[in-house]
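These notes concern the structure reproduced below.
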Amino acid sequence: MSPVDPAKYTAFLAAMALMAISPGPANLFFIRTGLSGKKRNVFAGVLGVNSATLVWFVAAALGLQALMIALPVAFTVMTLVGGLYLVWLGGSTIRHALKLENERIDPQFMAPAAPGTLTRTLREGFMVQMLNPKVLLFFSVVLPPFLDIARPMPAQMSVFAATAIGMDVISMTSYGLLAVTLSHLLQQPRHRRTFDIAAGSVLVLIAVMILWHGLQDLI
557 MSPVDPAKYT AFLAAMALMA ISPGPANLFF IRTGLSGKKR NVFAGVLGVN
607 SATLVWFVAA ALGLQALMIA LPVAFTVMTL VGGLYLVWLG GSTIRHALKL
657 ENERIDPQFM APAAPGTLTR TLREGFMVQM LNPKVLLFFS VVLPPFLDIA
707 RPMPAQMSVF AATAIGMDVI SMTSYGLLAV TLSHLLQQPR HRRTFDIAAG
757 SVLVLIAVMI LWHGLQDLI
């Protein structure tokens, strides 16, 4: 017997494809990372984000969904923490943009990453995904309908995890490398500043919406 229901798996593929390419905190993170002009930063981010996705799948297999149903306030708290993290990330991006000087960016902007940069990018990617409300939504609402209680759960979760991570790797790498390709256009600080302020503002806007809905659930 197949580890997953073929019909449900086909539907899951379609749902994952849409979620992978849709705008969200993770994809904005990869655009922001790719604009550093360093491909290896993108790959470090991909590793960080998908390591977090794997942690989520393991947690789900161990009963996270049941915990969320039994203690809905836990879901709300994680949503609020995720929103606050996005506020910090968006605010940091805007703050960095406002510090750019009105001269051409130093050529070292395109130089190899300094020691520690890859680790920082990996860590940021991990945190973005761990606190990503889109991921919370996926595991609490999107994934459960595709599971078949008549089939072994570990096998099902393994297949769905491999599929989700595979699609995310393709999508996130594409976003990041496209940003790397376009990064030379943003060597002018005014262009880079405009993009960073826009990207940071979108992250903050997403965060405000998340926090608003989270607070509504607590009231």
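Numbering (the numbering used here), first residue to last: 557 to 775.
Every residue, glycine too, gets a C-beta built ideally from N, C-alpha and C.
Neighbourhood of residue i by C-beta distance below 6 angstroms, restricted to the same chain and skipping five residues each side
| i | result |
| --- | --- |
| A653 | R749, D752 and I753 |
| R596 | none |
| D561 | D704 |
| F702 | K564 and F568 |
beta-carbon residue i near the ligand MG non-hydrogen atom, thresh 7 angstroms
| i | result |
| --- | --- |
| E680 | Although the ligand MG was asked about, the structure shown includes no ligands whatsoever. |
DSSP three-state assignment for residue i, whether helix, strand or coil
| i | result |
| --- | --- |
| L699 | coil |
| P668 | In this prediction, P668 scores a pLDDT of 38, lower than 50, which makes its location untrustworthy; no coordinate-derived value is stated. |
| G756 | helix |
| A563 | helix |
| R660 | For R660, the predicted model reports a pLDDT of 45, less than 50, meaning its position is unreliable; a value from the coordinates is still stated below. Reduced to three states, the DSSP call for R660 is coil. |
| G770 | helix |
Residue i versus residue j: straight-line alpha-carbon distance, rounded
| i | j | result |
| --- | --- | --- |
| P700 | G604 | 25 angstroms |
| N688 | E680 | 12 angstroms |
| A755 | F694 | 23 angstroms |
| G593 | H747 | 14 angstroms |
| P745 | G639 | 29 angstroms |
| P708 | V736 | 42 angstroms |
| L642 | T566 | 32 angstroms |
| V758 | G580 | 9 angstroms |
| T675 | A706 | 42 angstroms |
Limits of the unbroken alpha helix (DSSP H) element including residue i
| i | result |
| --- | --- |
| I724 | First, the residue type needs correcting, since residue 724 is Asp and not Ile in the sequence shown. Where D724 is concerned, the enclosing alpha helix (DSSP H) stretches over M709 to L738. |
| N606 | K595 to A617 |
| N688 | Run containing N688: none; DSSP gives neither H nor E here. |
| L584 | P581 to G590 |
Same chain, Cβ closer than 8 angstroms to residue i, neighbours up to 5 away in sequence not counted
| i | result |
| --- | --- |
| V611 | M686 |
field: Stretch pair the segment 712-724 + the segment 571-580: three plus CB contacts closer than 8 angstroms
entry: yes
Between the segment 558-575 and the segment 644-652, do at least 3 Cβ pairs fall closer than 8 angstroms? no
Check your understanding: Pairing CB atoms from the segment 760-774 with CB atoms from the segment 597-617, are three or more of them under 8 angstroms?
Key -> no
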